[in-house]
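Residue numbers (the numbering used here): 1 to 239.
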């Protein structure tokens with residue numbers, strides 16, 4: 001595995017209905033940095049204290065801008081003329097694969113914004129960084145739940161290795177997504193002030209549906225995929 005120490009680049013390319021193109025490159029690193037870079041002309045809606053999340057642990061003296069809003073601002077500004085259901089051509093280029101698909105603006109943006117939120121440096125989205133490292137564009141509900149549960153359980157393995165208590169019943173996963181819902185809610189409030197159209201706003205709403213559905217759907221969805229794990233249940237270690 002020669003790329004284990006390398007940062008991962010994920011490229012999103014959009015061909016808009018008028019033929020113009022937009023490209024966004026996201027670098028996924030193992031480290032978490034809440035100190036977003038700040039310029040003199042930052043949009044007002046990205047300032048930390050503008051519609052700041054109730055559970056935000058950051059202080060404006062150390063982080064003048066909201067990490068999530070700062071990550072989304074370049075994208076929001078370049079899609080202001082499109083509405084949610086406008087179709088566009090999306091291409092996502094990753095280290096070992098690429099995807100090309102015609103999708104609605106809100107679908108394409110939801111996939112990109114989910115990646116940006118996960119890598120923004122927000123303390124409440126840091127747990128999503130492993131999913132960003134193995135990003136799956138345009139993932140559906142069941143696939144997202146499977147990836148979330150798998151990521152969480154692998155995280156518990158690493159906690160156990162580090163000598164920390166592990167949550168094998170996944171009770172903490174719902175708590176993480178409840179905190180993520182608060183973040184999404186704050187982003188929606190910011191975008192209402194920032195956007196002239198509904199494309200970015202609805203993209204975040206789509207993301208937030210997963211945070212609302214996951215706690216209730218977790219048990220049912222895991223029961224649905226449980227038969228695929230029957231070999232693990234039946235397996236007996238050979239001494």
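Ideal Cβ positions, reconstructed from N, Cα and C, are used throughout, including at glycine. Since we're looking at a predicted model, the values are computed, not measured.
Cα-Cα separation between residue i and residue j, rounded to whole angstroms
i, j, result
"residue 75", "residue 104", "16 Å"
"residue 118", "residue 9", "14 Å"
"residue 17", "residue 184", "28 Å"
"residue 159", "residue 80", "43 Å"
"residue 42", "residue 131", "29 Å"
"residue 82", "residue 202", "12 Å"
"residue 267", "residue 124", "The structure shown does not extend to residue 267, since the chain is modelled only from 1 through 239, so no value can be given for it."
"residue 187", "residue 212", "15 Å"
"residue 47", "residue 134", "30 Å"
"residue 53", "residue 189", "10 Å"
"residue 221", "residue 198", "31 Å"
"residue 73", "residue 217", "32 Å"
"residue 157", "residue 58", "29 Å"
"residue 116", "residue 164", "29 Å"
"residue 24", "residue 235", "45 Å"
Identity of the residues DSSP links to residue i by a beta bridge
i, result
"residue 27", "9"
"residue 102", "89"
"residue 47", "65"
"residue 21", "15"
Endpoints, the alpha helix (DSSP H) within which residue i is located
i, result
"residue 16", "It is not in any alpha helix (DSSP H) - residue 16 carries neither H nor E in the DSSP assignment."
"residue 156", "141-161"
"residue 280", "Because the chain is modelled from 1 through 239, residue 280 falls outside the range shown and cannot be assessed."
"residue 138", "Segment: none, residue 138 is in no alpha helix (DSSP H) and carries neither H nor E."
"residue 167", "First-last for residue 167: undefined, no H or E at that position."
"residue 231", "230-234"
Residues near residue i in its chain [Cβ-Cβ closer than 6 Å; skip 5 each side]
i, result
"residue 49", "60"
"residue 149", "none"
"residue 193", "45"
"residue 206", "110"
"residue 262", "The chain is shown from 1 up to 239; residue 262 falls before or after that span and cannot be answered."
"residue 229", "none"
"residue 12", "24, 92, 112"
Neighbourhood of residue i by C-beta distance below 7 Å, restricted to the same chain and skipping five residues each side
i, result
"residue 108", "14, 88, 90"
"residue 98", "91, 92"
Whole-Å CB distance - residue i paired with residue j, under 8 Å assumed
i, j, result
"residue 168", "residue 152", "Between residue 152 and residue 168 the Cβ distance is about 10 Å, and since that is not below 8 Å, they are no contact."
"residue 120", "residue 166", "27 Å between Cβ atoms; not a contact."
"residue 78", "residue 22", "5 Å"
"residue 204", "residue 191", "6 Å"
"residue 129", "residue 136", "Contact doesn't hold; Cβ gap of about 14 Å is too wide."
Own chain, CB closer than 8 Å to residue i, minus 5 neighbours either side, in chain order
i, result
"residue 55", "124, 179, 182"
"residue 102", "87, 88, 89, 90"
"residue 122", "34, 66, 67, 68, 183"
"residue 142", "221, 224, 225"
"residue 1", "For residue 1, the pLDDT reaches just 47, beneath the cut-off of 50, and the residue's location in the model is therefore unreliable, although a value from the coordinates is still provided. Nothing meets the Cβ criterion."
Min CB distance residue i to chain D below 8 Å
i, result
"residue 93", "Among the chains of the structure shown, chain D does not appear; only one protein chain is present."
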